[in-house]
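Novice: So that we are looking at the same thing, I have put the structure below in structure tokens.
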Amino acid sequence: MLPQCARFIRRLCFTRRALIVACFLLVAAGVALFYSNWLIVNASQHLTWNDIQTVPARNVGLVLGAKPGNRYFIRRINTAAALYHAGKVKWLLVSGDNGKKEYDEPSAMQQALMAKGVPEAAIFCDYAGFSTLDSVVRARKVFGVSRITIISQAFHNQRAIWLAQQYGIDAIGVNAPDLNKGHGTYTRLREKLARVSAVLDAKILRRQPKYLGAGITIGANSAHGCPSRQ
Numbered sequence: 001m002l003p004q005c006a007r008f009i010r011r012l013c014f015t016r017r018a019l020i021v022a023c024f025l026l027v028a029a030g031v032a033l034f035y036s037n038w039l040i041v042n043a044s045q046h047l048t049w050n051d052i053q054t055v056p057a058r059n060v061g062l063v064l065g066a067k068p069g070n071r072y073f074i075r076r077i078n079t080a081a082a083l084y085h086a087g088k089v090k091w092l093l094v095s096g097d098n099g100k101k102e103y104d105e106p107s108a109m110q111q112a113l114m115a116k117g118v119p120e121a122a123i124f125c126d127y128a129g130f131s132t133l134d135s136v137v138r139a140r141k142v143f144g145v146s147r148i149t150i151i152s153q154a155f156h157n158q159r160a161i162w163l164a165q166q167y168g169i170d171a172i173g174v175n176a177p178d179l180n181k182g183h184g185t186y187t188r189l190r191e192k193l194a195r196v197s198a199v200l201d202a203k204i205l206r207r208q209p210k211y212l213g214a215g216i217t218i219g220a221n222s223a224h225g226c227p228s229r230q
């Protein structure tokens with residue numbers, strides 16, 4: 001009888017400790033989500049625009065990548081093209097994932113922008129924009145851009161602007177239209193976790209892009225543009 005009671009007490013104590021640990025982790029996760037969201041929203045206040053006509057003009061617009069053809073992609077392209085045609089940017093840097101030969105976000109963005117009347121000479125491709133951090137930091141460290149207009153949806157722009165600030169980049173954002181309520185729920189949930197990851201990467205790990213490489217100049221005399229990936 002006594003051994004059985006002892007085993008029961010040990011199990012009870014273990015369960016209690018496990019419950020305490022689980023509660024602690026749950027609270028810590030909640031604090032991390034709240035703090036990272038507050039930090040990013042607060043830092044990007046008054047730095048994003050919905051109306052293209054009121055956006056301050058800058059030389060370079062950074063178009064953040066998305067899966068070619070999806071609704072986020074299409075709306076970012078439409079906004080970037082409108083921004084260019086309104087004279088708010090001179091050049092567009094399209095940055096996205098080209099980690100596999102058969103998957104090429106920057107080239108898809110280039111072609112979509114050209115279909116909207118943006119000249120090929122005004123488009124520059126960053127084929128190593130594997131994450132928002134990579135895209136933003138490479139804009140400065142590879143393409144030499146320290147003042148930039150970021151084009152994406154509002155929730156994405158907030159995080160991108162905050163990341164830019166952490167790496168010494170003066171960034172503003174133009175908000176592409178978001179999806180209607182009821183759509184994009186998974187993306188918004190993923191964004192909450194991405195904000196925690198962004199704070200960890202920038203504040204604690206000071207993470208750098210996966211690839212850097214030789215510098216590339218954006219401008220009228222640049223020979224770079226979007227080199228063929230064939």
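Note that full-length UniProt numbering has the sequence shown beginning at 1, numbered continuously upward.
We put the beta carbon where it would ideally sit given N, CA and C, even for glycine.
1) Might you give, ordered along the chain, the residues of its own chain that have their beta carbon closer than 7 Å to the beta carbon of LYS210, omitting 5 neighbours on each side?
2) Quick one: complete beta strand (DSSP E) runs, 3+ long, within the UniProt domain "DUF218" (62-185)?
3) Is the beta carbon of THR48 closer than 8 Å to that of ILE172?
4) Count the other C-beta atoms from every protein chain shown that fall within 10 angstroms of the C-beta of GLY219, then say buried if there are 16 or more, exposed otherwise.
5) CB-CB under 6 Å to ALA160, same chain, minus the five flanking residues each way: which ones, in chain order?
6) Taking the alpha-carbon of PRO56 as reference, which of VAL89, LEU179, ALA164, LYS101 has the nearest alpha-carbon?
7) What does DSSP give as the partner residues of TRP49 in its beta bridges?
8) May I have the straight-line CA-CA distance separating ASN175 from ARG17, to the nearest angstrom?
9) Which residues does DSSP list as the beta-bridge partners of VAL196?
10) Less than 8 Å between the beta carbons of VAL142 and ILE123, yes or no?
11) Would you check if the distance between the CB atom of GLY215 and the CB atom of GLY144 is smaller than 8 Å?
12) Under three-state DSSP, which class holds VAL60?
13) Measuring straight from C-alpha to C-alpha, what distance separates ASN37 and LEU189?
14) Roughly how many whole angstroms lie between the Cα atoms of TYR103 and GLY61?
15) Out of SER44, PHE34, LEU113, point me to the one whose CA is closest to ASP170's CA.
16) Looking only at C-alpha atoms, which of CYS125, LEU205, THR187, GLN165 sits nearest to HIS224?
17) Measure how close the beta-carbons of PRO106 and GLY96 come, nearest whole angstrom, since I'm counting them as under 8 Å.
Specialist: Let's see:
1) ALA128, PHE130, ASP134
2) 91-95, 123-126, 147-153, 170-176
3) yes
4) exposed
5) THR132, VAL136, ILE150
6) VAL89
7) VAL174
8) 47 Å
9) Answer by DSSP bridge pairing: none, since VAL196 is not bridged.
10) no
11) yes
12) strand
13) 12 Å
14) 23 Å
15) SER44
16) CYS125
17) 5 Å
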